[in-house]
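In this note's numbering, the protein residues as written are -4 to 105.
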């Protein structure tokens, strides 16, 4: 499940890049725990999850639509400060040039 969510996020981001300027918008919605039938179907139930962590479907959909109207590439309905997501993406981008190097980092050399 987590791998699929990660794939959909990256696919959405790739499509956003490819379709930039075309008038077509792609949005990835990253929900937290949402009250849906999936919990009962999985046999897990939602009762053990603290109520303050569970979003109602209607609230999730409304937030996603507001995010789309604002042309957010990624909408995280439960995240209070969108700058936190941007900080994570910025940190990941700064790592990229260092992920493929000819030699191991100094800390791994004897």
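Glycine included, each C-beta is placed from N, C-alpha and C at the ideal position.
Counted within 10 angstroms of its Cβ, other Cβ atoms place residue i as buried (16 or more) or exposed
{"i": "residue 69", "result": "buried"}
{"i": "residue 3", "result": "exposed"}
{"i": "residue 15", "result": "exposed"}
{"i": "residue 59", "result": "buried"}
7 Å CB neighbourhood of residue i in its chain, flanking five on each side removed
{"i": "residue 52", "result": "29, 30, 31"}
{"i": "residue 44", "result": "28"}
{"i": "residue 48", "result": "27, 28"}
Residue nearest to residue i in terms of C-alpha spacing, selected from the options
{"i": "residue 55", "options": "2, 35, 64, 73", "result": "73"}
{"i": "residue 66", "options": "24, 44, 42, 38", "result": "24"}
{"i": "residue 63", "options": "44, 21, 0", "result": "21"}
Boundaries (first-last residue) of the alpha helix (DSSP H) holding residue i
{"i": "residue -1", "result": "-3 to 14"}
{"i": "residue 56", "result": "52 to 64"}
{"i": "residue 76", "result": "First-last for residue 76: undefined, no H or E at that position."}
{"i": "residue 33", "result": "33 to 37"}
Between the CA atoms of residue j and residue i - distance to the nearest angstrom
{"i": "residue 40", "j": "residue 105", "result": "51 Å"}
{"i": "residue 10", "j": "residue 61", "result": "20 Å"}
{"i": "residue 27", "j": "residue 85", "result": "22 Å"}
{"i": "residue 37", "j": "residue 97", "result": "46 Å"}
{"i": "residue 18", "j": "residue 82", "result": "27 Å"}
{"i": "residue 88", "j": "residue 57", "result": "30 Å"}
Chain-order list of residues whose beta-carbon lies under 8 Å from that of residue i (same chain, five-residue window excluded)
{"i": "residue 6", "result": "none"}
{"i": "residue 80", "result": "69, 71, 74"}
{"i": "residue 50", "result": "26, 27, 28, 29, 30, 72, 73"}
Cutoff 6 Å; reference residue i; Cβ partners in own chain excluding five residues on either side
{"i": "residue 100", "result": "none"}
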